[in-house]
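Residue numbers (my numbering): 1247 to 1393.
Written below as structure tokens is the structure these notes are about.
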Ligand SMILES: [Zn+2]
Ligand SMILES: [Zn+2]
């Protein structure tokens, strides 16, 4: 099985791929997961098209050096056509392990969710080699995504 990069435990074909192909996300959390997968797969077109036009940047250069390690969704709250999703994304970049904490805001227009903006902070992070890998594989970090 081709595991979805978002760490849902589902196959990519049953999770984020349909969204990347244009299907409407069923929730802001699903959209947020598909955007994380798009970062992993460097799909800047998808990141821009799922970004609300009011805050969308003109272009989105993605950094080849960023290696995404895993996503944990902490909270998802929806009220009508707006929603907030808080998550932790872990990655390795510039020789350091880091984690991004973000609460992102989303709006729904004509049945499609869009990312608006978020409050983010970055911290360095030191994974234990015997810890469960943040990618969700169930393997120890040292046997999975380390190095
Ligand atoms: Zn997914
Ligand atoms: Zn892993």
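Just so you know, even glycine gets a beta-carbon here, dropped at the ideal spot from N, CA and C.
If you reduce the DSSP assignment to three classes, tell me which class residue 1344 lands in. strand
Residue ranges of each alpha helix (DSSP H) run of no fewer than 4 residues wholly in the segment 1247-1283, ordered along the chain? 1263-1266
Cβ separation of residue 1335 and residue 1317, assumed to be a contact under 8 Å, to the nearest whole Å: 5 Å
So what's residue 1350 in DSSP terms, helix, strand or just coil? Strand, per DSSP.
Beta-bridge partners of residue 1313, as assigned by DSSP: Paired residue(s): 1338.
When the Cα atoms are used, what is the spatial distance from residue 1324 to residue 1274? 8 Å
Is the beta carbon of residue 1251 sitting closer than 8 Å to the one on residue 1287? yes
Is there at least one non-hydrogen atom of ligand 2 closer than 7 Å to the beta-carbon of residue 1290? no
Could you compute how far the alpha carbon of residue 1290 sits from the alpha carbon of residue 1278? Rounded to whole angstroms, residue 1290 to residue 1278 spans 14 Å at the Cα level.
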